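Chains as they are written, first to last, in numbering that gives the first Met the number 0: chain L, 0 to 501; chain C, 0 to 123; chain H, 0 to 503; chain D, 0 to 505.
Just so you know, even glycine gets a beta-carbon here, dropped at the ideal spot from N, CA and C.
Bear in mind that the values here come from a model prediction, so they are computed numbers and not experimental data.
Comments concern the structure below.
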Amino acid sequence: MSAYWLLVPLLLPIVGGAVLGIVKPHSRKVMEITVMTVTLLTSLCVAVLLWVRPSEEAFILQLAERLTVKFFLDGSSCVFAGLIALLWPIASMYAIEYMSSEEHQNTFFAYYTITYGVTLGIAFSANLMTMYMFYEMLTLVTIPLMMHGLKYKAVVATRKYVRYSIGGAAFAFIGFIAIAIYGETLDFRLGGVLTGASGNRTMLEIVYVMAVMGFGVKAAIFPFHGWLPTASVAPTPVTALLHAVAIVKAGAFAIIRITYYSFGVDFLHGTWAQYTVMGFAIFTMVYGATKAVKEQHCKRRLAYSTISNLSYILLAATLMTPAGMSAAFAHMLAHGVMKITLFYCIGAVNVKAHKYYVWEMDGMGKRMKLIFGVYSVAGLSLIGIPPMIGFVSKWDIGNAAVAEASPFAYAGLVALILAALLAAAYILEIVVRAWMPREAEKTTDTVSTGETSAQETSVQEFLPVGWRMRLPLVLMAIAIVVGGIFSVPILRFLADVAMGIR
Amino acid sequence: MSELFANYLAVVAMVLFGIGFGNLLLQKNLIKKIIGLNIMDTAVYLFLASMGYISGRLAPIITDGDTDARKYVNPIPSGLVLTGIVVSVSVTALMLALTIRLYRRYRTLDIDEITLLARQEHNE
Amino acid sequence: MDFVRNFPLFSILLPMVSGPISSVMSGKKAKWLNYAVVAVSGLLSVATLVYVLNTGSTYNYSMGAFPAPFGNEIRVGVLEALTATFFCFVMLLSLIGGYRFTKVDIPEEKQNLYYIMMNLLLSSLLALIYTNDMFTGYVFIEINTIAACGLIMIRGWGRNLLAATKYMIMSLLGSGLVLISLSILYGITGHLLMEPMHEAIVEIMENKTYTEPLTVAVGLFCVGIAIKSALFPFHSWVPDAYGYSTCASSAILSSLVSKGYIFLLIKFFYRVIGTDIIHQIQVDDVLFVFGIAGMVFGSISAIQQTDVSRMIAFSSVAQIGYIYMGFGLNTEAGMIASVFHILAHATGKSLLFISLNSLSDGTWEYANYRKLRGAAYYHKFAGLGFAVGSLSMVGIPLLAGFTSKVYFAKAAFGVDSNPKMLIALVALAISTILNAMYFIGQTINIYTPLSVEHEPGSVKHSASARVAVVLFILINLVLGMGSDPVIRWIRTGLVHFGAIIKIR
Amino acid sequence: MLGPWLIPVTILVPLVGALLLMIPAYRKNISVVRTTTGAFVAATGLLVVAVAMLGEAECEFLEILPDMPVFFRSDRTSVWFSVLTVAMWMCSTVFSFEYMKYEKREERYCVFSLLALTALMGVCFSGNLITTYLFYEIMTFASFPLVLHEQTKEAVSAGLTYLYYSLAGAFLGLVGIFFLYRYAAPRTVSGGLLAYAAGGFLRTDLTDSERSLLTVVIFLMLIGLGSKVGLYPLHGWLPKAHPVAPAPASALLSGNITKMGILFTVRILFFTVGPDFLRGSWAQYALLGLSLLTVFLGSMLAYREKVFKKRLAYSTVSQTSYVLTGLYLLAPVAAVGALLHVVFHSIIKNLLFLCAGAVIYKTGRTKVEQLKGIGLIMPVTMVCFTVGGLALVGIPPFAGFISKWYLAAGALDTDTGVLRFLVPVILIISALLTAGYLLTVSADAFFVPRKEGEAEEEKREEPAKGPEVSLKMLIPLVLLSAAALAFGLFPGVLTDFLNGIMDVVF
């Protein structure tokens, strides 16, 4: 099967979205059907491609000497593309119900669909040039999604986001050029492409740190995480899919790429550069979790938790061992699934019950059983309670860190445990409030219902939760549990990817 | 010290150039600026001419059919000077024209005042 | 001797002659004549380019009876021809794009004068590109200045007069410095043609006579050119001059005029002084520092502007900073990057100015960013053009700006001293961020349908502007995606410049 | 051979019950709920007995992690703990039927108690570290709703405290598991790399640095597991959680769930690293020191405590640390004593808490000084209480005596320096304190006539028919005190059984 088939899932959503944005169908039905068909078709293509892996590369065009646009499908691409392709249709389904009351829906869904293609582009990139290109494009196409509300806050948040991530890209660009100069090629090769670069070692290490920090902006690493909590003013489908999966994971993916495929672990392993980056990741894990505990606005709390969890990925990635790489991918998958689910639950509560803050969640579990049931499952998984998927990735990271057996790795282990505890704090507070709210002193006459009269009154303002919201939630919950119990094949696949067998 | 006196013309030229430059840069009054400009140009001409002039030789105008180059001074600097004069005259003319336009409009020659007035005009 | 060898001279003389002719014409006729002249000169340059590429060598074209080292010469190489071609077409497109505003802004009776100035500008630019004689260079610098001044003041507002005055004063200071440095050089070398001057200078450097005057002269020359091409500390005249002139003027001034001077500086470096000597007397480091400063502070002051046209003007201060930074690296790669950036920036800036004027209907009331909000929904093409131009300035892949950024970065890695390398790279990154802050911010702004100040009735579309915008976007994309041949030409051109150095 | 399959069935039965009770339609009628709960607990009990009869058996399930299957095994240790657990569960369940009558959400209580039973069964029968950890975590989450059952402000905060302490402990355990996974000896047995093996399964070729690192890790791990047991410094949750939880829940918490921490410790000490690994290392002394400190502190605090259930909670802290001391001595006799004390303390503490529950249920009195003369109102309860008290102090012929004897003897024939003398001393001191804080209560209850007028204001009207509490409550009390006496008289069965374990381990 020719590698040029990769262009199909790449262009399908881009073209489809563009058409949608230009035509702007008047009936909402048409729009929904287009979006769903395009998304599903794309995911289907991705599935097929993952099944029959085209081995060679697809060369598209040459920008300048050594700067070519090429696509291919190696193990890592499979992981990332698989995650995206799995989540996107579900997300679109959810989004369609969520956005049903908003305006400018055509534009929104147009860009929503285009973003799918661009993200796949990052996954399929065969060299740094291509990845950098799609990385920038991702920034640009998500701008309209973020400022969808067009409220003042949205615009401010968008500006912040743009400045942060273009700035990050500017620093990542330096690393990219460094590879173009010193590497023997810009293509991704497991083990790195720096061969004759021993001469300017210090420079390259500095540049590597710059590059990781640059890509780290999208991955919300500590000093550059500011945009993420601000960005949670965007509508939940955006926050959930982009700010918990697509954009941030793209950042992490890019870091994995430059670390393992461009600079190469045998160049970096044991240098101060590795420890610097690792240190930032370790700090961010704890920092994000702490901020999450302090935060009272549910979505922002989840955003901070995302910051912390992304640094799990970065920690694993910066271990710079095959085990670390596979652990990073494992947590990338796990966190993608879990966090999107959590966001969906909170989003559903926001839009259906108009409750946004933690203290408003008292006794909501009785009201929205399904939503909070799913929330509890995903939450426990995020804390890392077996047998759910969150535990699997935590297990992987922990083992990788222990096997690395360096002081920094042990520090990372400690941070991992600390962050997990804090995660318990910020997740379970909501769970407990929802199911077992504090009550006024128990009076024997109110019989066996956990609701005080105050909550009784506020029942009627609830909107019903439609199947388009329920189905994604249920699917996700199933995915979390099943993925946790039958994780072995996935883990073996990831290990093979990290070893370069797949 | 001695070489300063040796080619005193160059020194004078430089001093003049400095004066002119300073005036063109620092004067508020447009006319004075233009005068500074002219001083500056003149300084350069003096410099060029002093370089071209060799004492005891004639201007390079052949009257008695004597074509021995050693009798004459180097003609190129004089040519340059002439060109330069043309240029500076035209530039001066342009500057003066501009000054007149500005004066007609704002009734002052002070560049700062003019800036102020222009900004007000813009803001209305 | 092929007939093509005369083309450069023709392309200089043609506009020079047609200028006076058009003084007796009506504005419309003058316009058509001017367009035709620009187009023809462009074609001539193309022919020259093809010829030079085929012969693969350069030639000197002596004017008048006197041979070198006495007579006056023009020199034709790949780089000259390429730049000339490019300038002609950018000028043509800018004229077309700005046509509607030219018609509106300039009183009917003065139209033909405007085109006279345009012709003069073209011929002086081409002369600056081709000349092989420093003094001729000086003369045409002055002519260029006068023409540019005319273009600025022609709009006739008080602000334009003021801008023109400031521009004149600054550039007279500049040209004064250039003139004095040339005289000093003439004094110590005794020549005005580039090759003999270079030989003399090499000798001077070898037997250590007159090194101080040489240094002073080079320094004065650089400062003079820097003032005229608005390098960072000397940019005070830029915002008014670019910001308030009519569309075509702003586009051409910002994208071509300053570049003409810079081109002369390149020739000065390579063919008169020689890069190694430049390095010995450490002019390059100075330029590097000022270039970096320009990159950063230009953008910073651009961010502070509320008037978008002034913002774009300041951004070209930053871009000039890029170019000088490339000089400062003082490597072949750096020079290539700078030259390529001259082209890339020329397209981008003209595109930006034309789109902005279409968005704001050429009035400065509407150039305020609040008024511009949502304008892109009324001027689709202009909005697109502005977006593309901005992205190219920020350096988004597939656009020209990205390619030049890549070459700058590569050049920076080529430097042998780590600190310089690091400074250059970080400065690139930071200025990218700053560019993003105002350019992307503006793009978001014009696509934000909040309180729209435009009443749709007043919206006037101009087909010519659209054509220009589309063509500029195309050029930008071509430079972005297919930059290889251009780069190759630039390299050969520079090698031909440097080749003279290497032989001796 | 159906032995292997009985184990998962045993674990699943209560789960099924819980799921059944989650069906809204089903849980409408409260009596149905009660019968279901009782039935499922009883069924579990029978299955456990059956498994115990079948002797050694093991069964392996799908790998949840690479070469790490869910693996169940029933050896003597698991039988020991499971039988104990399920027996106690029966008692407290029967008791709860009456007690919970006037609590809210009885059905939720039943659901979570069944879930907790599932988890405990899992921990008992788990055959490798991962499985244990899995059910250990589940146990935490299944049991904390029991703590904050009443959902008052204190209850919720107590529940969360319990949760965070347990999680912290469990995560420390997880860290330990990471390291053990790295240093486990490569072998191919059913149950994967981390399957328990008597005497430990560590690599034999550990370098000194690795060894010292591992010592630190194991130390931290045991501290972490101590959080469930109530080992200082992670004991803080016990005194917060017990007073607010309903009495049957507290009984289970301190009677059984703490014991799961002990079981995990046993598994680590004897079946993972092996008793020889820590013996003589600084870690052993540190742990012994901590446990003895806890013994002492626990009884001191209990002595000073005025709130009845809180007092019992502190006593739990100290008593469970007896067990830990016995284990940390890493000597067979002491270990026998420890495991005996597990059973005895579990029985006794259940008994005591149920008594306290009965008193609260009947009179609503929670303070100690309010109990003066209560013996005259509810004599049977207080007699049982007294029996429990005597047993806990360790007066022959009651059960506590035997275990303490073994503990002391075991301590004396180890070579742990000064500690071998310190242990008995501390034991005696704390025994005296125990007498001080328990027997005084019963003494007051019977012999000090209580002042008039106090009775009325706190007395609850509804249940007060007849002086004594109903039979449903009394039967468990009587049974438990009988057991406390019986095991005191005939400990032989138990000791033989335990010696069987020790022969394998040491």
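Hey, is residue i's beta-carbon within less than 7 angstroms of any beta-carbon in chain L?
i: H/V451; result: Unreliable placement is indicated for H/V451, whose pLDDT of 46 sits below 50; the coordinate value is still reported in the next sentence. False, the Cβ-Cβ gap to chain L never drops below 7 angstroms.
i: H/L328; result: no
Are there 16 or more other CB atoms within 10 angstroms of the CB of residue i, so buried, or fewer, so exposed?
i: L/W271; result: exposed
i: D/D66; result: exposed
i: L/S91; result: buried
Might you give, ordered along the chain, the residues of its own chain that have their beta carbon closer than 6 angstroms to the beta carbon of residue i, omitting 5 neighbours on each side?
i: D/A337; result: V322, G325, L326
i: L/D395; result: A326, A329
i: L/E204; result: T270, A272
i: L/G120; result: L9, F133
Taking 7 angstroms as the CB-CB limit, is residue i close to chain H?
i: L/I176; result: yes
i: L/A153; result: no
i: L/E135; result: yes
i: L/G250; result: no
i: C/A92; result: no
i: L/I173; result: yes
Under 7 angstroms between C-beta atoms, does residue i make it to chain D?
i: L/I384; result: yes
i: L/R437; result: yes
i: L/L318; result: no
Residues of chain C with a CB under 7 angstroms from the CB of residue i: which are they?
i: H/R369; result: Within chain C, no residue comes near H/R369; the closest Cβ sits about 15 angstroms away, beyond 7 angstroms.
i: H/G186; result: M50
Determine whether the Cβ of residue i lies closer than 7 angstroms to any Cβ atom of chain C.
i: H/G18; result: no
i: H/I179; result: yes
With a threshold of 7 angstroms between beta-carbons, can residue i be considered close to chain A, or not?
i: L/L62; result: In the structure shown, chain A does not exist; the protein chains are L, C, H and D.
Go through its chain and collect everything with a Cβ distance to residue i's Cβ below 7 angstroms, but skip five positions before and after it.
i: D/R419; result: A410, L411, T413
i: L/F170; result: M209, A210, M212, G213
i: H/F352; result: C246, S249, A250, S253, I311
i: C/Y102; result: L108
At a CB-CB cut-off below 7 angstroms, which residues of chain L make contact with residue i?
i: D/P242; result: Here the premise fails: no neighbours, minimum Cβ distance about 15 angstroms.
For a contact defined as C-beta to C-beta under 8 angstroms, what are the partners of residue i on chain H?
i: C/Y105; result: G157
In chain D, which residues lie with their C-beta within 9 angstroms of the C-beta of residue i?
i: L/I416; result: A167, F170, L171, L173, V174
i: L/V481; result: None at all; the shortest Cβ gap to chain D is about 11 angstroms.
Note down, in chain order, every chain L residue with its Cβ under 8 angstroms from the Cβ of residue i.
i: H/K409; result: I176, A179, I180
Give the interface partners of residue i over in chain D, defined as CB-CB distance under 8 angstroms, in chain order.
i: L/G397; result: L173, V174, F177
Just to make sure I have the definition right: I need the residues of chain H whose C-beta is within less than 7 angstroms of the C-beta of residue i. Which are they?
i: L/R66; result: Looking at the sequence provided, one finds Leu at residue 66 of chain L rather than Arg. Residues of chain H passing the Cβ test: V405.
Show which residues of chain H have a CB atom less than 9 angstroms away from the CB atom of residue i.
i: L/T275; result: Here the premise fails: no neighbours, minimum Cβ distance about 16 angstroms.
What does residue i touch in chain C if you count any residue whose Cβ is under 8 angstroms from its own?
i: H/C246; result: The premise fails here: H/C246 is roughly 18 angstroms from chain C at the closest Cβ pair, so nothing lies under 8 angstroms.
Residues of the region 156–174 of chain H in Cβ contact with chain C at a cutoff of 7 angstroms, in chain order, please. Only G157, R158, L160, L161, A163, T164, M167, I168, L171, L172 from the region 156–174 of chain H bring a Cβ to less than 7 angstroms from some Cβ of chain C.
So if I threshold CB-CB distances at 8 angstroms, which residues from the region 157–179 of chain D count as touching chain L? Listed by position along the chain: G158, L159, L162, Y163, L166, A167, F170, L171, L173, V174, F177, F178.
For the region 219–248 of chain L, list every residue whose C-beta sits within 8 angstroms of some C-beta in chain H, in sequence order. Residues of the region 219–248 of chain L with a Cβ closer than 8 angstroms to any Cβ of chain H: none.
Return the residues of the region 125–142 of chain H that lie within a Cβ-Cβ distance of less than 7 angstroms from chain C, sorted by chain order. The region 125–142 of chain H vs chain C, Cβ under 7 angstroms: F134, V138, E141.
Residues, ordered as in the chain, of the region 474–501 of chain L that lie near chain D by beta-carbon distance below 9 angstroms: Residues passing the 9 angstroms Cβ filter: G483, I484, F485, S486, V487, L490, R491, A494.
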